[in-house]
Amino acid sequence: MKRIIACLIFSYLLLFSCDQKQEKKQIEKEELSALRDSADSIATKAQILLMKNVSNAISKGGTEYAVEFCNTNAAFLTNSLADKYHITLKRITNKPRNPDNGLQTTTDKKVFENFSINKDLQDSLLQQEQGYVYYKRINLAMPTCIKCHGNVGEDIDNNTYQKIKSHYPSDQAIGYRLNDYRALWKIEYNKKTFTRLE
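Structure, rendered in structure tokens:
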């Protein structure tokens, strides 16, 4: 009789434990989905914010003025979103204009290469020791982009290119065509600061 009771108790504990593990996995899955949605939303807001401001700068003073504007304001614009959402936000690429946007880590290099190979990959979420890192593809989707990132003398006029070189002497961010893969948004969530966005 004691064996039967012990077996029943053990079976109950085993089932209870399995239910808790499944519930925990479901919660983790929901949290990761919320995190991915949050990061995607932030990356989209960042892209819209930059494109709106660059388009306004081009309308106001042409592409030379837009280069000047980007040099003094792009980091401020992305940092304002990063501060608002308590994240680290930046653009990374294998051909940076601003050296700070180069591929700094082994993981960044591998992820960037993975996006290069897999043309349909739009985003990726990685868990790391200090938190989560979200990457989202940036393609040059607007003709406006090519005026500063296309081919010199063809898409980029010489005055604009001289302005680019004056601000970014080691610029590599040229030679692109419309819809080319250009960069990634990289969003880092520290475990301590991750909260769901409404």
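UniProt numbering puts the sequence shown at residues 1 to 198. From the three backbone atoms N, C-alpha and C, an ideal C-beta is built for every residue, glycine too. For clarity, every value in this text was computed on a predicted model and none was experimentally measured.
C-alpha distance - residue i paired with residue j, whole-angstrom precision
| i | j | result |
| --- | --- | --- |
| Ser170 | Phe112 | 20 angstroms |
| Asn151 | Pro143 | 12 angstroms |
| Thr44 | Gln162 | 31 angstroms |
| Phe115 | Gln122 | 8 angstroms |
| Tyr181 | Thr105 | 19 angstroms |
| Lys29 | His86 | 22 angstroms |
| Ile27 | Asp157 | Low local confidence applies: a pLDDT of 49 at Ile27 is under 50, so the model's placement there is unreliable, and no value is given. |
| Ala173 | Pro96 | 5 angstroms |
| His167 | Thr72 | 10 angstroms |
| Ser55 | Ala66 | 8 angstroms |
| Glu23 | Ala34 | A caution first: Glu23 carries a pLDDT of 44, below 50, which makes its placement in the model unreliable, though a value can still be read off. Straight-line Cα distance between these residues: approximately 16 angstroms. |
| Gly153 | Leu184 | 27 angstroms |
| Lys21 | Tyr134 | Only weak support is given to the placement of Lys21: the predicted model assigns it a pLDDT of 49, under 50, and the question is left unresolved by the model. |
| Ser80 | Leu49 | 11 angstroms |
| Lys165 | Thr88 | 28 angstroms |
| Asp83 | Ile42 | 12 angstroms |
| Met51 | Gln128 | 30 angstroms |
| Ser59 | Gly175 | 23 angstroms |
| Arg36 | Thr107 | 18 angstroms |
Residue burial classification, residue i (beta-carbon count within 10 angstroms, cutoff 16)
| i | result |
| --- | --- |
| Ala141 | exposed |
| Leu126 | exposed |
| Lys110 | exposed |
| residue 269 | Summary: the structure shown does not reach residue 269, with the chain confined to residues 1 through 198, and so no result is reported for it. |
| Ser38 | buried |
| Ile117 | exposed |
| Leu13 | Summary for Leu13: the model assigns pLDDT 48, below 50, so the residue's position carries little reliability; its value from the coordinates is reported in the next sentence. Under this definition Leu13 is an exposed residue. |
Reference residue i; option with closest CA among the options
| i | options | result |
| --- | --- | --- |
| Asp40 | Arg137, Val54, Asn79 | Arg137 |
| Asn53 | Thr78, Pro96, Asp157, Ile92 | Thr78 |
| Lys186 | Val67, Gln47, Glu31 | Gln47 |
| Asp155 | Lys165, Arg177, Tyr134 | Arg177 |
| Lys119 | Leu49, Ala74, Asn179 | Asn179 |
| Leu32 | Lys165, Asn139, Ser124 | Ser124 |
Beta carbon of residue i nearer than 9 angstroms to that of residue j
| i | j | result |
| --- | --- | --- |
| Lys90 | Gln130 | no |
| Gly61 | Thr160 | no |
| Glu188 | Tyr132 | yes |
| Ala57 | Glu68 | yes |
Do the region 144 to 154 and the region 98 to 105 touch if we need at least three Cβ pairs shorter than 8 angstroms? no
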